[in-house]
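Notes follow the structure.
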Amino acid sequence: MNAGSLNDKIHLCYIDIEDLRQWIKENHLLDKDFTQKKAKWTQAINQQPNFFSDTELLLAYQDALLLKVLTESQANFLVKTYQLEYQNICEKLFQEPKNVFLIGARQWKIMNDDILFEEEKKHQNAEKVVVLLKDKESIVEKLTALFLS
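Using my numbering, the first residue of the sequence shown is number 452, and each one after it goes up by one.
Here it is as structure tokens:
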């Protein structure tokens, strides 16, 4: 696929749950306090129901938001209905667009459990997390990186 012929509807990628876990660990994100950002997020989505209404903000770091959804099916639904215009919600709250990571409640629990059964660990490594990219430039950049690797 040529980056110049990028379809306007392409706006996501997938990452391994293990890569997400590593990123969280390397940046010590579980040790950081996101209480104010979480409260701001909850207030904004409760004031006026919107695309992100059924999500919970877990982490907000640099240009990324990690949102928990109930199930992977809900994540898939959000992916199918997501448009870059929904970034205005992120811009309003955080003064900039964000890459939105969607993780199911089950995936989040597995990722955070200290003791994993070997069977779960194998299953976990095969799982992917959906990332809704913040803009077309990020999309082109991610696709270019994929094709070059």
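A virtual CB, placed ideally from N, CA and C, is assigned to each residue, including glycine. Note that this is a predicted model, so its numbers are computed, not measured.
Assigned secondary structure, residue i (DSSP; H/G/I helix, E/B strand, else coil)
i	result
Leu508	strand
Leu480	helix
Asp514	coil
Asp564	coil
Burial state of residue i, where buried means 16 or more other Cβ atoms lie within 10 Å
i	result
Leu529	buried
Leu481	exposed
Ala526	buried
CB contact flag (residue i, residue j, <8 Å)
i	j	result
Tyr465	Lys543	no
Pro548	Gln558	no
Trp492	Leu508	yes
Phe629	Ile540	Since the first residue shown for the chain is 452 and the last is 600, residue 629 is missing from the structure and cannot be characterised.
On the three-pair Cβ rule with 8 Å, is the stretch 516–534 touching the stretch 549–562? yes
In the stretch 537–561, which residue ranges form an unbroken alpha helix (DSSP H) of at least 4 residues, counting only runs that do not cross its ends? 538–545
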